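Down below is the structure, laid out as structure tokens.
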Ligand SMILES: Cc1cc2nc3c(=O)[nH]c(=O)nc-3n(C[C@H](O)[C@H](O)[C@H](O)COP(=O)(O)OP(=O)(O)OC[C@H]3O[C@@H](n4cnc5c(N)ncnc54)[C@H](O)[C@@H]3O)c2cc1C
């Protein structure tokens, strides 16, 4: 802050208080703008938030990041939240395979774990012992990984091809796709290989698994998401001088010179030199003036994909690990949420000391997202019992689901052409959001990168000197 008189400071309005909007607002405030952040919901954090279910604190969906998510980690640092997350020293994913009938399941535990060796040898030992693939299939995976590594991420042709077609064309079969490529890909891309653009899949696998040996070490919040994305973010925004309006929806944007007009649903009018639209693609489609970006008419057709979280509170401990991925079951990834949720301090937890709360993170579930809770219960409880012997004899104290129908954009082939850059054709009007052209799939990392891109573009257009060499996307410190 320079302490310039308020009237001399440029005004900015950021529409949307998800991670993209939080990032853009902080950056603009740090560059001495008078920033107002407008968020329609009662809280910040957008798609990555927490809520109360009685005494239990629940995340709307389990969120994971990787060590290579430098921009998100930079935001964590900026929010003073680096101690509120846990990042693995070394990638270690227990992969529990199950086969056979419910009465006599056969369980096999494997691990995707990295060694302290250079890429690609860091995963070679783990793959050599991976019990879910035979020797010939493991060799296929190595061939596929080498072929992936040779792809040029800047080649626009990659976006026209489906990852599934490419995998089969490069020696992969149904087993390697299920036991490895989809195991990782469905969780990170929110679609199965056949529905994913090769450009996005190659980006994820090259950056996450085949760049730096530590790139894929897994990070998770050690507290409810809301503690970081709402509480910490709100405190830092206010400290930076950002005016945060919650429960305030932007109804209309009128671009004008010298200042744009932003009308809230209640009628209040804000004026700003810079407006960052940091909602999802539907917000951009609704608020952008005509012809503000190329291909704007196609924004409405930019699809979305759902994520379902299934939450189960057992009366006892049924899982000893913080998380695992499942194979041979509709269950995908399972996380222990007991500590985050404050279960032990609830009436339920006091009545059942040792109770455990698990969340199942189920991606790309277009066919399940609208199923009734009772049906999901019938589907998932027996599967958890198939996977976890102790779950079979445990009592279920609570069962509920959280449904995010528009969790991510649809990462289908052809997506890259639909994603606009931060800069629009209207001076002072910028776009941000995980759906914009970051090169990343819809992730927290993509959202933060998009917020930086919008702030960078706004500041560059205003001739503001940018911090030098933030090359790795981390917050300037
Ligand atoms: C269940 C689930 C699991 C996920 N898992 C992961 C994961 O493991 N790892 C990962 O990296 N990512 C994950 N994601 C994706 C990640 O949460 C999102 O990509 C990211 O949070 C998007 O941030 P954003 O700021 O771009 O958009 P959003 O979070 O969508 O924020 C946009 C905000 O704008 C507000 N808004 C929109 N229009 C208006 C308006 N007119 N006026 C005022 N406010 C408005 C909205 O209310 C919203 O708060 C997951 C998402 C979900 C839903």
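Numbering (my numbering), first residue to last: 9 to 485.
The beta carbon of each residue, even a glycine, is placed where N, CA and C say it ideally should be.
In this text, all values refer to a predicted model and were calculated from it rather than measured experimentally.
### Limits of the alpha helix (DSSP H) - the one that residue 348 falls within
Start and end: 346-349.
#### Entry: Beta-carbon proximity of residue 286 to residue 466, cut-off 9 Å
The criterion of a C-beta distance shorter than 9 Å is not satisfied by residue 286 and residue 466.
### Task
Note down the Cα distance separating residue 109 from residue 148, rounded to an integer number of angstroms.
Those two C-alpha atoms are separated by around 29 Å.
### Query
Do the CB positions of residue 283 and residue 273 come within less than 9 Å of each other?
no
### Query
Hey, residue 406 and residue 320: beta-carbon distance below 9 Å or not?
yes
### Neighbour flag for residue 68 against chain C, beta carbons, 9 Å
The displayed structure is made up of one protein chain only, and chain C is not part of it.
### Message
Closer than 8 Å to a non-hydrogen atom of ligand 1 - does that hold for the CB of residue 138?
### Response
No, ligand 1 has no heavy atom inside 8 Å of this Cβ.
### Query
Can you round the beta-carbon distance between residue 238 and residue 57 to whole angstroms, since I take them to be within the 8 Å contact cut?
7 Å
### Heavy atom of ligand 1 within 8 Å of residue 451 beta-carbon
yes
### Task
List the DSSP bridge partners of residue 304.
In the DSSP assignment, residue 304 is bridged to no other residue.
#### Entry: Residues sharing a beta bridge with residue 67, DSSP
58
### Query
Measuring from the CB of residue 295, is there a heavy atom of ligand 1 at a distance below 8 Å?
Flag set: Cβ of residue 295 near ligand 1.
#### Entry: CB contact flag (residue 205, residue 424, <9 Å)
Cβ atoms of residue 205 and residue 424: closer than 9 Å.
### Query
Does ligand 1 have a heavy atom nearer than 8 Å to the CB of residue 77?
yes
### Whether residue 255 touches residue 86 by CB criterion (9 Å)
Their beta carbons are not under 9 Å apart, which means residue 255 does not touch residue 86 by this criterion.
### Message
Within 10 Å of its beta-carbon, does residue 391 have 16 or more other beta-carbons around it, so buried, or fewer, so exposed?
### Response
buried
### Query
Assuming residue 20 and residue 36 make a contact with CB atoms under 8 Å, what is their CB distance in whole Å?
5 Å
### Query
Does the beta carbon of residue 23 fall short of 8 Å from some heavy atom of ligand 1?
yes
### Query
Three-state secondary structure (DSSP) at residue 454?
helix
### Task
Check whether the segment 165-185 touches the segment 135-149, counting contact only when three or more Cβ pairs, one atom from each stretch, lie closer than 8 Å.
In short, these stretches touch, since the Cβ pair count reaches three.
### Nearest candidate by alpha-carbon position, reference residue 408, set 395, 386, 302 and 428
Ranking 395, 386, 302 and 428 by Cα distance to residue 408 puts 386 first.
### Task
Enumerate in chain order the residues of its own chain whose CB-to-CB distance from residue 479 is below 7 Å, with the five nearest sequence positions on each side excluded.
Caution applies to residue 479, whose pLDDT of 42 falls short of 50 and renders its modelled position unreliable; the value that the coordinates give is listed next. If we look at residue 479 and ignore the five residues flanking it on each side, it has no Cβ neighbours.
### Task
Flag this pair as yes or no: are the beta carbons of residue 164 and residue 199 separated by less than 9 Å?
no
#### Entry: Candidates 413, 401, 222 and 456: closest to residue 430 by CA position
456
### Message
For a minimum of 4 consecutive residues, which ranges assigned as the alpha helix (DSSP H) are wholly contained in the segment 273-323?
### Response
289-295
### Task
Quick one: grab the DSSP three-state call for residue 183.
helix
#### Entry: Length-filtered (3 minimum) beta strand (DSSP E) runs lying within the segment 392-461
404-417 and 437-439
### Query
Exposed or buried, what is residue 355 when buried is set at 16 or more other beta-carbons lying within 10 Å of its beta-carbon?
exposed
### Message
Relative to the C-alpha of residue 402, which candidate in 362, 381 and 420 has its C-alpha closest?
### Response
362
### Task
May I ask you to check if the CB of residue 224 is nearer than 8 Å to at least one heavy atom of ligand 1?
no
#### Entry: Beta-carbon proximity check, residue 417 vs residue 288, cutoff 9 Å
Cβ distance < 9 Å, so residue 417 and residue 288 count as in contact.
### Query
Quick one: is the Cβ of residue 146 within less than 8 Å of any heavy atom of ligand 1?
no
### Task
To the nearest angstrom, report how far apart residue 315 and residue 344 are at their CA atoms.
18 Å
### Bridge-paired residues (DSSP) for residue 269
262 and 279
### Message
Measuring straight from C-alpha to C-alpha, what distance separates residue 89 and residue 225?
### Response
18 Å
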